[in-house]
């Protein structure tokens, strides 16, 4: 799956899930849909620093080996002056965020991210096992 396809999937799944949850739970579970969408779109911005192209393939950069994309992405979001609620999603959407408290919006993006990634990982593992 391409980076752009993954980003589209995460943004759509997160936004639609958040919208449905907001409709179902109303004031009992306040959800800022704009924050969800912005966070979903920007969650992997740090991957642009984590990887580099080498001989036509994306490989881990020296920066990426030392600084995970959630950290470098949060720095980019802060430098851009984005709201803390969006920076929080960028910082906590991935597994590294398991050590932190997550906002409702971050939980939604976190699960959307894995929903749009894990099935492809499972398929790849099965294909490797069948070789």
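In my numbering, the protein residues as written are 2 to 132. All C-beta atoms in this analysis are idealised placements derived from N, C-alpha and C, irrespective of residue type, glycine included. From a predicted model like this one, the values you see are computed outputs, not experimental measurements.
Considering Cα atoms alone, identify which of the options is closest to residue i.
| i | options | result |
| --- | --- | --- |
| residue 118 | 107, 95, 103 and 106 | 95 |
| residue 68 | 92, 87, 26 and 56 | 92 |
| residue 39 | 86, 129, 65 and 99 | 86 |
Could you give the residue range of the beta strand (DSSP E) that holds residue i?
| i | result |
| --- | --- |
| residue 54 | 52-55 |
| residue 59 | 58-61 |
Any idea if residue i is buried or exposed, counting beta-carbon neighbours within 10 angstroms, 16 or more meaning buried?
| i | result |
| --- | --- |
| residue 97 | exposed |
| residue 36 | buried |
| residue 28 | exposed |
| residue 83 | buried |
Could you pull the start and end residues of the alpha helix (DSSP H) that residue i belongs to?
| i | result |
| --- | --- |
| residue 129 | 119-130 |
| residue 7 | 4-26 |
| residue 46 | Looking at the DSSP string, residue 46 is not in any alpha helix (DSSP H), and its letter there is neither H nor E. |
| residue 74 | 70-80 |
| residue 89 | 85-93 |
| residue 99 | Taken as a continuous stretch (DSSP letters only), residue 99 belongs to no alpha helix (DSSP H), as it is neither H nor E. |
Less than 8 angstroms between the CB atoms is what I'm expecting for residue i and residue j, so what's the real figure, rounded?
| i | j | result |
| --- | --- | --- |
| residue 107 | residue 90 | 5 angstroms |
- Query: Is there contact between the region 16-33 and the region 43-62, where contact requires at least three CB pairs shorter than 8 angstroms?
  - Reply: no
- Query: For the region 39-48 against the region 71-83, are there 3 or more C-beta pairs whose distance is under 8 angstroms?
  - Reply: yes
- Message: When you compare the region 6-24 with the region 124-131, are there three or more beta-carbon pairs, one atom per stretch, that lie closer than 8 angstroms?
- Response: no
- Taking three-plus beta-carbon pairs below 8 angstroms as touching, is the region 95-115 in contact with the region 52-63? no
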